[in-house]
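Going left to right, the sequence shown walks through residues 4 to 217 as this note's numbering numbers them.
Scroll down for the structure; my scribbles are underneath it.
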Amino acid sequence: MQLKDYYSILQIEPSATLQEIKKAYRQLAQQFHPDKNLNDPYAATQFVEIKEAYEVLTDPSKKEYYLQQRWYNQSIGKRKTQGIVTPVNILKQVLELDRYVAGLDVFRMDKNGLQEYICEILNDLTIEKLNTFGEADVNKEIIRQLLNTLRILPFSLLHPIEVRLLKINTDPKTTALIKQYIIDQKKSNTKKQQEVWLVLIITIAICLLIYFLT
4 MQLKDYYSIL
14 QIEPSATLQE
24 IKKAYRQLAQ
34 QFHPDKNLND
44 PYAATQFVEI
54 KEAYEVLTDP
64 SKKEYYLQQR
74 WYNQSIGKRK
84 TQGIVTPVNI
94 LKQVLELDRY
104 VAGLDVFRMD
114 KNGLQEYICE
124 ILNDLTIEKL
134 NTFGEADVNK
144 EIIRQLLNTL
154 RILPFSLLHP
164 IEVRLLKINT
174 DPKTTALIKQ
184 YIIDQKKSNT
194 KKQQEVWLVL
204 IITIAICLLI
214 YFLT
C-alpha cells in the first residue's frame, strides 16, 4: 500500500499536537499559496498536498484511518528488512498485530487494510519458511493468534486468509480449528443477513399496515 507521509508534508513530527499541526499548516499554506506563487506549478502542487495533509490530520475520523494504514505500511516495511524469516519472528509480529488491533475502534478501523496486512505477513515465502522449519507448536500459536485477530473482520474478507492459514503445516486438530472457525463465521454472517431481511420485511409490513389503516 502506497501512503503519503502527511507529517513530512507538514514538516512536523508524528507526535505533533493539534495546535502544532495548525501552526505548521498556516506557515506552509502562506508560503505556497497560489496567490503568492503565480504560474508556479510546484507551489500549486505543494499547496494541494499541504491542504490534504491538514484536512486528514485535523479530522479525528480521517486521522484514525490514516494512522492505521501508516502502521500497517511501517510494519510491513520493517518485516521486509528484518532479514531471516523464522517462525518465532513471525509469531512476534502476529502478537504485535493482535495487541495493536485490540486498541482500535472496531467500527472505524480499516478492515481491508488489516486483511491486506495479514495476507502480506502470510505470503508464499513466509509460509514456505514456516513449513521448512517445521516448528509445529509455534505454527499452531501463530494460527491461534491470527484467528483471534480475525474476529473483527467481516466474513467477506476471510477467504484469502483462510487459504493461507490452511497452507501452514500443522496438526489435524489445528487444521480442523481453522475450518470450524470459517464455518462458524459463515453461519454468523448468514444469521446477520437474515436478521437484516427480517427487519426490512417487518418495516415494510408496518408501513403497509399504517397505509391501509389511514
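For every residue, glycine included, the Cβ atom is placed at its ideal position computed from N, Cα and C.
Bear in mind that the values here come from a model prediction, so they are computed numbers and not experimental data.
Quiz prompt | Cβ shell of TYR69 (< 6 Å), same chain only, five flanking positions each side left out | solution = Start at 1 with the first residue of the sequence shown, and residue 69 comes out as number 66. Correct list, in chain order: VAL59.
Quiz item: So, is LEU201 buried or exposed, given that buried needs 16 or more other C-beta atoms within 10 angstroms?
Solution: For the purposes of this step, residue 201 is identified with residue 198 of the sequence shown, where counting begins at 1. Label assigned to LEU201: exposed.
Practice problem: Give the straight-line distance between the Cα atoms of TYR9 and ILE53, rounded to the nearest whole angstrom. | Solution: Taking the sequence shown and counting its residues from 1, one reaches residue 9 at position 6. Taking the sequence shown and counting its residues from 1, one reaches residue 53 at position 50. About 8 Å.
Quiz item: Could you check where the alpha helix (DSSP H) with LYS25 kicks off and where it finishes?
Solution: Numbered from its first residue, the sequence shown carries residue 25 at position 22. 21-35 is the span of the alpha helix (DSSP H), which, as asked, contains LYS25.
Self-check item: Inter-residue spacing [alpha-carbon to alpha-carbon] between GLN92 and GLU99
Solution: Translated into positions along the sequence shown, residue 92 becomes position 89. Translated into positions along the sequence shown, residue 99 becomes position 96. Note on residue identity: the sequence assigns Asn, not Gln, to residue 92. Straight-line Cα distance between these residues: approximately 11 Å.
Exercise. Identify whether PHE158 lies in helix, strand or coil by the three-state DSSP scheme.
Key: Here residue 158 refers to the residue found at position 155 when the sequence shown is read from its first residue. DSSP places PHE158 in helix when its eight states are reduced to three.
Practice problem: Leaving aside the five residues before and after GLN148 along the sequence, list all residues of the same chain whose C-beta is less than 7 Å from its C-beta, in chain order. | Solution: Here residue 148 corresponds to residue number 145 of the sequence shown, with the count starting at 1. So the qualifying residues of the chain are VAL97, LEU98 and ASP101.
Practice problem: Please determine, among ARG154, ILE204, PRO175 and ALA27, the residue with the shortest C-alpha to C-alpha distance to ALA105. | Solution: Your numbering for residue 105 matches position 102 in the sequence shown. When only C-alpha atoms are compared, the closest one is ARG154.
Self-check item: THR178: first and last residue of the uninterrupted alpha helix (DSSP H) it sits in
Solution: Working through the sequence shown from its first residue, we reach residue 178 at position 175. Where THR178 is concerned, the enclosing alpha helix (DSSP H) stretches over 175-216.
Quiz item: Excluding five sequence neighbours on each side, which residues of the same chain lie with their C-beta closer than 6 Å to the C-beta of GLU138?
Solution: Residue numbering aside, residue 138 sits at position 135 when the sequence shown is read from its first letter. Excluding positions up to five away in sequence, the list reads PRO90.
Exercise. Would you decide whether ASN42 is buried or exposed? Buried here means 16 or more other CB atoms lie within 10 Å of its CB.
Key: For the purposes of this step, residue 42 is taken as residue 39 along the sequence shown, with counting starting at 1. The residue is exposed, with fewer than 16 neighbouring Cβ atoms inside 10 Å.
Practice problem: Given a cut-off of 8 Å, decide if LEU169 and ILE186 are closer than it, judged by their beta-carbon atoms. | Solution: Looking up residue 186 in the sequence shown gives position 183. Looking up residue 169 in the sequence shown gives position 166. It is not a contact, given that the beta carbons lie outside the stated cut-off.
Quiz item: Do ILE146 and THR177 have their C-beta atoms closer together than 8 Å?
Solution: In the sequence shown, counting from the first residue as 1, residue 146 sits at position 143. In the sequence shown, counting from the first residue as 1, residue 177 sits at position 174. Contact: yes.
Practice problem: Under the assumption that ALA46 contacts ASN40 (Cβ atoms under 8 Å), give the Cβ distance between them as a whole number of angstroms. | Solution: Translated into the one-based positions of the sequence shown, residue 46 becomes position 43. Translated into the one-based positions of the sequence shown, residue 40 becomes position 37. About 3 Å; that satisfies the 8 Å criterion.
Quiz item: In its own chain, which residues sit with a C-beta less than 8 Å from the C-beta of ASN115, not counting the 5 before and 5 after it?
Solution: On the sequence shown, residue 115 is found 112 positions in, with the first residue counted as 1. Taken in chain order, the residues that qualify are LEU160.
Exercise. Assuming ASN142 contacts LEU133 (C-beta within less than 8 Å), just tell me the rounded distance between them.
Key: Along the sequence shown, one-based indexing puts residue 142 at 139. Along the sequence shown, one-based indexing puts residue 133 at 130. Yes, they are in contact, since the Cβ atoms of ASN142 and LEU133 sit about 6 Å apart, within 8 Å.
Quiz item: When the Cα of PHE35 is compared with those of ARG73, LEU13 and ALA19, which residue comes out closest?
Solution: Numbered from its first residue, the sequence shown carries residue 35 at position 32. It is LEU13 whose Cα lies nearest to the Cα of PHE35.
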